[in-house]
Structure formats: C-alpha cells, structure tokens
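Keeping their order, the protein sequence lines are chains A and B.
Counting from 595, one number per residue, gives the positions in the first sequence under my numbering.
Counting from 595, one number per residue, gives the positions in the second sequence under my numbering.
Beta carbons: idealized from backbone N, C-alpha and C, even for Gly.
Given the structure is predicted, the values throughout are model-derived calculations rather than measurements.
Accompanying notes for the structure given below.
Protein chains: 2
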Amino acid sequence: MSAADEVVEVKARKILVAVDEGEESMYALSWAVNNLLVSSNNTTTKDTLILLYVKIPRVVYTTLDGTGYLFSADILSSMEKYSNDVAQCVMEKSRRLCKDLQDVKVETKIENGDPRDAICEVAEKLGVDVLVMGTHGYGMIKRAFLGSVSSHCAYKVKCPVLIVKRPKSSSATRE
Amino acid sequence: MSAADEVVEVKARKILVAVDEGEESMYALSWAVNNLLVSSNNTTTKDTLILLYVKIPRVVYTTLDGTGYLFSADILSSMEKYSNDVAQCVMEKSRRLCKDLQDVKVETKIENGDPRDAICEVAEKLGVDVLVMGTHGYGMIKRAFLGSVSSHCAYKVKCPVLIVKRPKSSSATRE
C-alpha cells in the first residue's frame with residue numbers, strides 16, 4: 595500500500611504537550627492551542643489536550659550537589675514541597691492558556707523521573723496523536739545534565755512530534 | 595513580557611512541507627493536511643501550503659559512484675532528465691494529496707542542493723510559520739551520506755518544526 599492511498603481520518607485526537615517552568619514550553623503550548631486546536635472560524639475541536647509536567651526526582655538534585663553529604667529530612671521535605679509547588683504553578687499557568695478551548699477536554703498529568711523517558715513513556719502509553727514541546731525544556735543548567743529533551747523525544751517516540759521554538763524577539767531578554 | 599501574556603494570533607499561515615520520493619514524506623504531508631489544514635467541521639483554512647522538493651546536485655551522485663571515472667555527456671544528460679522526472683512525479687503525487695483543500699493556496703518549489711541547507715534556507719527566506727517533514731527523508735542510502743535531514747533542520751530553523759513518522763503498521767513491508 596502506498597502512502598498516497600492511506601486515509602488519515604480527521605477524528606478527536608489526543609494531543610500531549612510537555613510543559614515545564616520555562617517560558618519556551620508556554621509558548622509551545624500557545625502555538626499548539628492556536629494552530630492545532632482552534633480552527634480558522636474560531637470553533638475549537640473536540641480533542642483531548644493532555645498537559646504533562648515531569649518532576650525531576652530528588653536523587654538528581656543530590657547528585658548535582660556533589661558534596662556527598664546527605665540532606666536532613668527537613669531539607670528534603672522542603673525540597674519536595676517546593677517541587678510540588680512548582681508543578682502546580684506550571685499547571686495553573688498552562689490551564690490559563692487553554693481557557694478558551696470550550697470543546698477540548700483538558701487533562702493534566704504530573705510524572706516523576708527523567709523527562710526524556712517520562713515524556714516518551716506517557717506518549718506511548720496514552721497512544722497520543724502528536725507530542726508538542728519547546729526546545730529549551732528544563733532550563734539552561736538542567737539541560738546541560740539531561741541533554742536535549744526535545745531531540746531525544748523526537749528520535750524516540752513513534753507519533754508526530756512538534757518542536758516549537760520561541761521567536762528571538764520575545765526571548766531577547768533571556769540570554 | 596512573559597510567554598503567558600503573548601497573544602499568538604490565528605491568521606493565514608505559510609506551511610512548508612518538505613517532500614521527497616519516500617513514502618514517509620507523503621505520510622507527513624497527509625498528516626499536515628488533515629491536522630493543520632482541515633478543521634474538525636471539514637472547512638479548510640485560508641493558509642498557503644508550500645511543497646518543497648530538493649534535487650540533490652549531480653556532484654553528489656558522482657562522488658557516490660566512487661570510481662573516479664567521469665560520466666559522459668549523454669549519461670549526465672539522462673541523469674538530469676531522470677532527476678527532473680522524479681521531481682515532477684513527487685510534486686504530482688503531493689498535489690493529489692492536497693486536492694480537497696479548496697481555500698488553501700498550494701505552491702510548489704523545486705530547489706537544488708543539500709536538502710538540509712536548502713530546506714532551512716527556504717524556511718527562513720519565506721518566513722514560514724511551520725516546517726513539516728518526515729524523518730526518513732531521502733532514502734536509506736542517501737540518508738547515510740547526508741545525515742538525518744529532519745534532525746538537522748529541527749535544530750537549525752527558527753520556526754516550529756513538525757516531524758511526522760510513518761506508523762509501523764504501514765511500513766512493515768518496507769524494512
């Protein structure tokens with residue numbers, strides 16, 4: 595069967611957007627909302643939009659610390675709380691960007707682990723139709739340790755991957 | 595200005611799809627047509643769809659030949675004709691996939707050069723809103739020489755890049 599004979603049906607889709615604390619992922623989400631979820635006549639689709647945030651587990655931070663000292667239970671507990679607060683904050687910000695999508699079912703999902711693996715696993719497990727992400731996920735420092743999350747996912751997942759970069763004009767103040 | 599304050603307007607877009615003789619790029623085009631250009635109520639957008647085919651210049655073939663012999667003018671002329679025929683064939687096949695897009699302006703563009711550079715240059719020059727491409731562009735052999743076209747472009751171009759992989763079920767007979 596040739597590709598030209600294949601019929602790609604238009605149906606309700608599952609769109610996975612990987613969000614994080616970086617502004618680039620918020621831009622990627624905005625782009626997806628406006629280009630995949632809102633049609634030209636301003637009606638929205640009946641798709642499911644899944645917002646995924648991956649919390650990097652504590653062990654990564656303790657390794658990054660590099661001193662070999664163990665953190666006290668108090669510090670670990672504060673770090674855990676901080677990490678949860680960040681996740682909630684990112685999800686709230688993300689949801690605000692989706693507030694006009696009346697017919698779209700918006701779901702949120704918070705996972706723990708290496709974002710590269712967690713994003714790919716969620717994409718496969720949920721059988722999503724497209725994965726959307728920014729390029730500079732997880733900040734400058736974390737990126738150096740984790741490698742490029744988006745290029746890893748683009749290589750690994752089976753579904754279409756949309757990589758959205760933030761235009762230079764609006765990121766001029768960042769770098 | 596934070597990303598959340600940015601307004602991504604819905605307007606007529608320029609969508610660039612890099613097509614080649616591989617079935618994966620035809621699948622990528624189908625996916626783009628159905629997911630970016632046809633809305634849920636089957637109306638199409640007023641976007642411009644640019645189909646780009648890049649002819650790899652003759653010098654690459656003579657290098658691949660590896661014998662060091664020069665081709666005769668006859669053979670070079672046949673190769674040029676063959677290359678043009680392939681380009682036309684790919685464009686016709688691509689146009690057929692777009693036949694139901696009544697309101698979309700479909701343009702075709704044939705360039706010469708290294709696809710990695712040519713695709714990025716066209717994307718920048720035309721100021722496209724999104725670049726769509728398959729992953730296995732330019733076949734198994736050419737890919738080994740040229741490297742992954744899609745990952746190069748995803749890294750280099752400034753606009754969002756949509757990388758569409760062909761589902762395994764429909765490519766089982768190929769590899």
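Asked	Found
Taking Cβ positions only, does B/ALA748 come closer than 8 Å to chain A?	yes
In terms of residue numbering, what span does the beta strand (DSSP E) encompassing B/LEU646 cover?	642 to 649
Buried or exposed for A/ASN629, going by 16 or more other Cβ atoms inside 10 Å?	buried
Give a yes or no on whether 8 Å exceeds the smallest Cβ distance from A/PRO709 to chain B.	no
Exposed or buried, A/ILE644, counting other C-beta atoms within 10 Å across all chains shown (16 or more means buried)?	buried
Please report the straight-line C-alpha distance between B/ALA612 and A/SER666, rounded to a whole angstrom.	55 Å
Can at least three beta-carbon pairs, one atom from the region 704 to 724 of chain A and one from the region 749 to 761 of chain A, be found at a separation below 8 Å?	yes
Return yes when the Cβ of A/PRO754 is within less than 8 Å of the Cβ of B/LEU756, no when it is not.	yes
Just to confirm my understanding: we take A/ASN706, look at its own chain, exclude 5 residues before and 5 after, and list those with CB closer than 6 Å. What are they?	LYS649 and PRO651
B/GLU701 by DSSP, collapsed to three states: which one?	strand
Could you give the first and the last residue of the continuous alpha helix (DSSP H) run that contains B/LEU691?	667 to 691
If distances are taken between C-alpha atoms only, which option among B/GLU615, B/SER672, B/LEU631 and B/MET620 comes closest to B/ASP723?	B/LEU631
Whose CA, out of A/GLU617, A/ASP614, A/THR702 and A/ILE609, lies closest to the CA of A/ALA626?	A/ILE609
Pop quiz: A/ARG760 and A/GLU615 are said to be a contact at Cβ under 8 Å. What is the actual Cβ separation, rounded to whole angstroms?	14 Å between Cβ atoms; not a contact.
What does B/LYS693 touch in chain A if you count any residue whose Cβ is under 7 Å from its own?	By Cβ distance, chain A contributes nothing, its closest Cβ being about 11 Å from B/LYS693, past 7 Å.
Below 9 Å on C-beta distance, what does B/LEU720 contact in chain A?	Those within 9 Å of B/LEU720 in chain A number zero; the least Cβ separation is about 16 Å.
Ignore the nearest five residues each way along the sequence and tell me which others in B/MET685's own chain have a CB closer than 8 Å to its CB.	VAL613, LEU645, TYR647, THR702 and ILE704
How is B/LYS608 classed by DSSP in three states: helix, strand or coil?	strand
Cα separation between A/MET727 and A/ALA622?	6 Å
Mind checking if A/SER745 is an interface residue toward chain B, Cβ cutoff 8 Å exclusive?	yes
At the level of alpha carbons, what is the spacing between A/LYS605 and A/LYS640?	8 Å
State yes or no: is the beta carbon of B/LEU630 nearer than 8 Å to at least one beta carbon in chain A?	yes
Can you give the beta carbon distance from B/LEU691 to B/SER624, rounded, assuming they're within the 8 Å contact cut?	6 Å
So which residues of chain B does A/VAL755 contact, with C-beta pairs closer than 7 Å?	ILE757
Could you compute how far the alpha carbon of A/LYS687 sits from the alpha carbon of B/LYS693?	40 Å
In whole angstroms, give me the CA-to-CA distance for B/GLU674 and B/ALA681.	11 Å
Can the beta-carbon of A/ARG710 be found closer than 8 Å to that of A/HIS746?	yes
Bridge partners of A/CYS725, per DSSP?	The sequence as given places Leu at residue 725 of chain A; Cys does not occur at that position. A/LEU610 and A/VAL755, per the DSSP bridge assignment.
Excluding the 5 residues flanking A/VAL700 on each side, which residues of the same chain have their C-beta closer than 6 Å to its C-beta?	LEU643 and CYS692
What is the rounded straight-line gap between the Cα of A/SER619 and the Cα of A/VAL743?	12 Å
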